[in-house]
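The structure appears right after this line, and notes come after that.
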Amino acid sequence: MIKLNEETKKVLLALSDDKGIYLEGNILKIIDTSDDPTFDAYIKQSIEKDNEKRTKRLEITKQVQEQNIELIKSKGEKDEVNKQLQKALEKAEQAKESAVNDLELMQKKAQFELIGTIVKVALWIVCGIGVVTTGMFMICLSLGIENQIIESAWSNMFGILLTNSFSIIGTIMGVKYASDRLDKKS
Amino acid sequence: MIDSILLIDDENLFHLVFEDACSLLDITLNLKTLSSADEAAKYFKNLVETKQKKPDCIFVDLNIIGSTFNGIELIRKINFDYGDGVVIGIISSSNDKQEQTNAMKAGAQFWIIKSDEIEPRLSEFKKDFDGFVKRKLKFKVYA
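Sequence lines, in order, name chains A and B.
Every number in the numbering used here is 120 more than the matching position in the first sequence, counting from 1.
Reminder that position 70 of the second sequence reads as 58 in the numbering used here, one-by-one numbering, no gaps.
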């Protein structure tokens, strides 16, 4: 315990009377006031005021603490919602990508089917003409008839058919190669 | 009244709560607060090296954010590296039984639940303090 001299006590008492300023903090608890009832009352009053302030501060600090906890909690909830939104966005992107791929696949399928039909029809026409012309040429040969028109038509037809067949095969291969390259690039 | 107390807690707001509660309950006149376990380890190392008096009682938070080790590890370090002899325990919002057992094994003497109503628990602890100093009391949870 510490004892204050008379001069200091007078100054402190004057300060409290004139300006309402009191000592604060733990120092109040180690001042010996046993021999001075006036100063003892001053110290008791100071302790009371100090306790009032501390109680008020304690309440406010607790409130701030509670608000902090709430803020942290709501931040966590917000982060969770953001994560869910991000996941939903990723799923939507994946679904969109899958739909675009499906559409492309369907378009390609339709194109290939069309090409297949064209090739089939062309082959039937070519084969039909070939068979008809060859049949007519064979009839002429077996009957010993000389027919310049059928002979030249048969040879021309075969020449043209061979050239066109290679041309068609070349075109189909070219289209296939080009579409494969486009797929790889995309 | 406890001569000197050391509080190690990363939450600075709780430093204020603890300081005001200690003052209002006349628990101590000498309170020192630290914010990390690393700071506390350094502080203890310095105390031992310069042969200064250790605090009479230490309150350690369980999860000290921003530290390289947690409260239980710090208690073990203080007890085993810097010597026993201080009353030491955990002050935490957790009430995990397993953690309490771990703390007891590390040398903690008490566990105070940190909540809005900290004052009654500190008041009860103040009454028990002599028992902890004389090692008469077993590990106690203030909930």
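Quick reminder that beta carbons are idealized off the backbone N, C-alpha and C, glycines included.
Here the structure is a predicted model, which is why all the values come from computation and not from measurement.
Residues bridged to residue i [DSSP beta-bridge criterion]
i, result
"K20 of chain B", "B:L(-6)"
"W274 of chain A", "DSSP output for W274 of chain A lists no bridge partner at all."
"W99 of chain B", "B:I78, B:V129"
"I122 of chain A", "A:I151"
Nearest-angstrom Cα separation, counted from residue j out to residue i
i, j, result
"L209 of chain A", "N221 of chain A", "18 Å"
"D160 of chain A", "E107 of chain B", "27 Å"
"A9 of chain B", "L110 of chain B", "8 Å"
"S274 of chain A", "T253 of chain A", "Just to set this straight, residue 274 of chain A is Trp in the shown sequence, not Ser. One C-alpha to the other measures close to 6 Å."
"R64 of chain B", "A94 of chain B", "5 Å"
"A96 of chain B", "D(-3) of chain B", "16 Å"
"I249 of chain A", "Q227 of chain A", "33 Å"
"S103 of chain B", "E213 of chain A", "46 Å"
"I147 of chain A", "R123 of chain B", "31 Å"
"I66 of chain B", "N58 of chain B", "12 Å"
"F2 of chain B", "K114 of chain B", "19 Å"
"S(-8) of chain B", "G73 of chain B", "14 Å"
"V295 of chain A", "F232 of chain A", "10 Å"
"G290 of chain A", "S272 of chain A", "27 Å"
"S218 of chain A", "M258 of chain A", "58 Å"
"Q40 of chain B", "F32 of chain B", "10 Å"
"S55 of chain B", "L62 of chain B", "10 Å"
"L225 of chain A", "E197 of chain A", "42 Å"
Integer Cβ distance of residue i from residue j, believed to fall under 8 Å
i, j, result
"F6 of chain B", "L(-5) of chain B", "5 Å"
"I(-10) of chain B", "D44 of chain B", "5 Å"
"L159 of chain B", "E87 of chain B", "The question about residue 159 of chain B has no answer here: the residues shown for chain B are numbered -11 through 131."
"L151 of chain A", "I141 of chain A", "A small correction: the amino acid at residue 151 of chain A is Ile; Leu does not occupy that position in the sequence shown. Not a contact, Cβ separation roughly 16 Å."
"F127 of chain B", "F98 of chain B", "7 Å"
Any non-hydrogen atom of the ligand GTP closer than 7 Å to residue i Cβ
i, result
"Y142 of chain A", "Looking at this structure, you won't find the ligand GTP or any other ligand, since it has none at all."
In the stretch 42 to 88 of chain B, which residue ranges form an unbroken alpha helix (DSSP H) of at least 4 residues, counting only runs that do not cross its ends?
Correct list: 59 to 69.
Please list the residues of the stretch 163 to 183 of chain A that have a C-beta atom closer than 7 Å to any C-beta atom in chain B, keeping them in chain order.
Taking 7 Å as the Cβ-Cβ cut-off against chain B, the residues of the stretch 163 to 183 of chain A that qualify are N171, R174, T175, R177, L178, T181, K182.
Near-chain B residues of the stretch 140 to 156 of chain A (beta-carbon distance less than 9 Å), N- to C-terminal order:
Listed in chain order, the positions of the stretch 140 to 156 of chain A with a beta carbon within less than 9 Å of a beta carbon of chain B are G145, N146, I147, K149, I150.
Residues of the stretch 89 to 109 of chain B with a CB closer than 7 Å to any CB of chain A: list them in chain order, please.
Residues passing the 7 Å Cβ filter: D104.
Identify each residue in the stretch 187 to 208 of chain A for which the Cβ-Cβ distance to at least one residue of chain B is less than 8 Å, and report them in chain order.
Flagged, chain order: N188.
For the stretch -3 to 11 of chain B, enumerate the residues whose C-beta is nearer than 9 Å to any C-beta of chain A, in chain order.
Legend: CB atoms of the stretch -3 to 11 of chain B lying less than 9 Å from CB atoms of chain A belong to residues E(-1), L1, F2, L4, V5, E7, D8, A9, S11.
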